[in-house]
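Straight run, no breaks: the sequence shown in our numbering ends on number 545. A virtual CB, placed ideally from N, CA and C, is assigned to each residue, including glycine. Everything below concerns the one structure shown next.
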Amino acid sequence: MKTTTNLQRRNLLKYAALGIAGAVTYPSWAQAVEFARVNAPSADFLPDVEIELTMNTADVAIFTGEKTRIWKITGKIITGPSGVLDNNEGTYLAPTLRFKKGQKIRLILNNNLPAQSILHWHGLHVPANMDGNPMYAIKQGETYIYEFEILNRAGTYFYHSHTHGVTARQVYSGLAGLLIVSDDQEQALNLPSGDLDVPLVLQDRSFDEHNQLVYSVHRMQRMQGFLGDQILVNGRPDFVLPVATRAYRLRLVNGSNSRIYKLAWDDDTPLTVIGVDGGLLESPEQYPYVMLAPGERLELWMDFSKRTVGSELTLRSLQFDVAAHGGMGMMGGGRMGGGGRRGMMGGGMMGGGMMSISTLPSGSDYPLVKIRVTKKEQGNNTLPKALTPITALQVKNAANAANPKTITLSMRHMSALLNGRSYAMNDIQPDEIIPVNSLQLIEFDNGFDGGMHGMMMAMPHPMHLHGEQFQIIKREVNLRFNDSHASVSSGFVQSGWKDTALVMPGEKVTILKPFNDFKGLFMYHCHNLEHEDLGMMRDFIIN
Ligand code: C2O
Ligand code: CU
Ligand code: CU
3 MKTTTNLQRR NLLKYAALGI AGAVTYPSWA QAVEFARVNA PSADFLPDVE
53 IELTMNTADV AIFTGEKTRI WKITGKIITG PSGVLDNNEG TYLAPTLRFK
103 KGQKIRLILN NNLPAQSILH WHGLHVPANM DGNPMYAIKQ GETYIYEFEI
153 LNRAGTYFYH SHTHGVTARQ VYSGLAGLLI VSDDQEQALN LPSGDLDVPL
203 VLQDRSFDEH NQLVYSVHRM QRMQGFLGDQ ILVNGRPDFV LPVATRAYRL
253 RLVNGSNSRI YKLAWDDDTP LTVIGVDGGL LESPEQYPYV MLAPGERLEL
303 WMDFSKRTVG SELTLRSLQF DVAAHGGMGM MGGGRMGGGG RRGMMGGGMM
353 GGGMMSISTL PSGSDYPLVK IRVTKKEQGN NTLPKALTPI TALQVKNAAN
403 AANPKTITLS MRHMSALLNG RSYAMNDIQP DEIIPVNSLQ LIEFDNGFDG
453 GMHGMMMAMP HPMHLHGEQF QIIKREVNLR FNDSHASVSS GFVQSGWKDT
503 ALVMPGEKVT ILKPFNDFKG LFMYHCHNLE HEDLGMMRDF IIN
C-alpha cells in the first residue's frame, strides 16, 4: 500500500489538474462526449463488476406539468449481472448499486456536468485514492476510475458527491444514491427479500412554481443547514408504499442535507431495528422512536401480517428540540422552543423562528412514509432471534486508551469548526496523524465540557468518519441540556457498526474506530452538508 505524503498529494493534485489522460473514448448515451481519464485502470485488477457512471444534467417528471432540471447519474453495466444496477429512471436519485462482499468493483465515473465533482462511497472501507476525497474532483469531460474490493459486511451504504465547498448543492441536485451490499451470512438468515426488501431514501426539497429545485441558503440557513418544504421518498413526493400482509425489511437512508428525523410509527407500534449504518445488529432491538441524522441508515423489520387489507400506517417524524435550552450567555432566554409550529430552534439568538425559514421546521411533527396494505399474502414472517455476531471493540485495545482523541464541535459567525479548525486541503495537524492498523478512542464533544465551544450555538452535528465502521462506546450529556435532550434520549441505537453518529447539543459521544489496511487521507466531518461546506470537515492521515 502506498503512503501518501504531503508532497505526493500535491503531485496528485497537479496530476489531476493537468488531466493527464490516455484519452480512451467511451460512448455516452446522452450525447457523444469523449472523456479524458485522469487515472488509469490497473492491469492486474480483474473486476467482477464493472459499471460506467455518467453524470449529466437531465430533466425528469417529478410532478405533473413542467419537468425538473436535475443532475442525474446514469449507469451502464460493462461487466456483471443485470441486478447490480438500477438507474432509478424518472427520479433525481442516482442508480442503486447492489454488490456482494468480496466482489472486485470497477466504477468508471464520467463527468459531463458543468462543474467539477467527485463521488464518495459512504461507509465503504476502500483505499484512500478510491474514497472520493475532494482533492480528486474531476472537471467536465474527465473520467475518474475507481477500483476496489467490497470488504464491508452486508449493509445499506450510499454514495454521493464530495466536492469541495459544493457537496450540499450537488447532493441536492441529485448526486446521491444507494449502494447495497449483501453477503452469505446475511443471505442465510432468510430475511424478507425481493419485493419485501424496500429501501426508503428520505430527503427534503423545495420547488418553485415551475417545478424547479430551489436551493437558496442565506446566512442563517447555512448555519442551520438547508431545510426543504417537502419530504420526498425515493425521489418522489406523495410517496405511498403498497405492502402485502407479510413481514418487510425497510432500509431507511437519511439522504437529506441537514434534516434530522425522529422516526416512529403513527399507531405507537415500537420500531423493530435490525440494522444500522454498517449492517445487521446481533439481534433485533425495539425503540419507541429512533433518531436518524443525515448520513445515517436504519434497517427496520415490520410485520404487516396481522393487518387488514385497506388499512394504512404512517412512519412519522415526531417533535423534538433541535437546539439546546441548557446553554448560558447567548443562548439565554430559557425554554422558548419545544414544539408545534414555531420557535423550533430553542432559546436565544437561534430562537424565535428566526431560522425556521422552511415551512417544515426541523423538529416539528410531520408524516414521512405512508404505507397501505393492499393484498393478502401467505408466507414465512418470522424474525430471527439472532442476526449476525458482532465482536465488541475493547477500550483497552485502543492505541490511545488512556488519552482519547477529543474533537470539539463548534459554530461561530459563518464557520463550523472541528477543534477550532476549518477544512483546508494539505493541512494535516499533528493530532490528525493516525498509525495504520491501530484502534483509536475518539470523543466528539458538542458542548459537553461546558465550555463556550458548544454553548455559543448549540446545534446537532451528525459526525461521520470515512474508512472503516466504528462502534459507539458511550453517549453522555451535560446536565444543563437535560430538558432538550429528553425529547431525543430514547432514540439512539448504540449497538452495531456505525459510520455516522449524531451528536446532540450538550452531548459527548465516544467511539472506538479501527484504522486498518489503508494508508492515506480519510476524512472526518459533520454530515449536515451545509456545515460540511462551511468547513466542518478535516482529514486524518493514516500512515
Ligand atoms: Cu457521506 Cu464524507 O461523506
Ligand atoms: Cu463517507
Ligand atoms: Cu454540523
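Terminal residues of the continuous beta strand (DSSP E) containing residue i?
i, result
"N58", "V51 to V62"
"V490", "Segment: none, V490 is in no beta strand (DSSP E) and carries neither H nor E."
"S184", "A178 to S184"
"L362", "Taken as a continuous stretch (DSSP letters only), L362 belongs to no beta strand (DSSP E), as it is neither H nor E."
"I474", "Q473 to V479"
"S195", "Premise fails: S195 is in no beta strand (DSSP E) and is neither H nor E."
"H122", "L121 to H124"
"A266", "Y263 to W267"
"Y148", "E144 to E151"
"P201", "D199 to R207"
"T247", "Here T247 belongs to no beta strand (DSSP E), and DSSP marks it neither H nor E."
"N113", "K106 to N113"
"E68", "Careful: E68 lies outside any beta strand (DSSP E) and carries neither H nor E."
"G522", "G522 to C528"
"I392", "Counting along the chain, I392 falls outside any beta strand (DSSP E), and DSSP gives it neither H nor E."
Shorter than 6 Å, the distance from the beta carbon of residue i to the closest heavy atom of ligand 1, or not?
i, result
"G297", "yes"
"H127", "no"
"H466", "yes"
"M525", "yes"
With burial defined as no fewer than 16 other Cβ atoms inside 10 Å of the residue's Cβ, what is the status of residue i: buried or exposed?
i, result
"I435", "exposed"
"M347", "Legend: pLDDT at M347 = 36, less than 50; position of this residue unreliable, no value from coordinates given."
"G328", "Only weak support is given to the placement of G328: the predicted model assigns it a pLDDT of 41, under 50, and the value that follows is read from those uncertain coordinates. Buried, because 16 or more other Cβ atoms sit within 10 Å of the Cβ of G328."
"S292", "Checking the displayed sequence, the identity of residue 292 turns out to be Val instead of Ser. Buried: at least 16 other Cβ atoms inside 10 Å."
"S44", "exposed"
"P239", "exposed"
"G353", "In this prediction, G353 has a pLDDT of 35, which is less than 50 and means its spatial position is unreliable; nothing more can be read from the coordinates."
"A488", "exposed"
"D133", "buried"
"R482", "buried"
"G365", "buried"
"K377", "exposed"
"A394", "exposed"
"H162", "buried"
"K476", "exposed"
"A190", "exposed"
"D541", "buried"
"A473", "In the sequence on display, residue 473 carries Gln and not Ala. Buried: at least 16 other Cβ atoms inside 10 Å."
"I543", "buried"
"A404", "exposed"
Which residue comes first and which comes last in the alpha helix (DSSP H) that contains residue i?
i, result
"E534", "L531 to L536"
"H463", "Run containing H463: none in the alpha helix (DSSP H); it sits in the beta strand (DSSP E), H463 to L467."
"Q223", "R221 to Q226"
"Q214", "No alpha helix (DSSP H) holds Q214; DSSP gives it neither H nor E."
"A170", "T169 to S175"
For residue i versus residue j, is the C-beta distance shorter than 7 Å?
i, j, result
"Y526", "L443", "no"
"Y368", "S440", "no"
"G179", "W73", "no"
"G297", "T93", "no"
"H122", "H166", "no"
"S195", "D231", "no"
"T56", "T76", "yes"
"L99", "L181", "yes"
"L294", "N236", "no"
"V128", "A156", "no"
"M506", "P462", "yes"
"Q105", "D50", "yes"
"M137", "M416", "no"
"L109", "Y159", "no"
"F47", "E188", "no"
"V479", "V278", "no"
"S260", "N58", "no"
"L111", "P97", "no"
"E532", "R171", "no"
Residue i: beta carbon under 6 Å from a heavy atom of ligand 2?
i, result
"H124", "yes"
"H415", "no"
Please write down, chain order preserved, every residue whose beta carbon lies under 5 Å from a heavy atom of ligand 3.
So the residues near ligand 3 by this Cβ test are H463, C528, N530 and H533.
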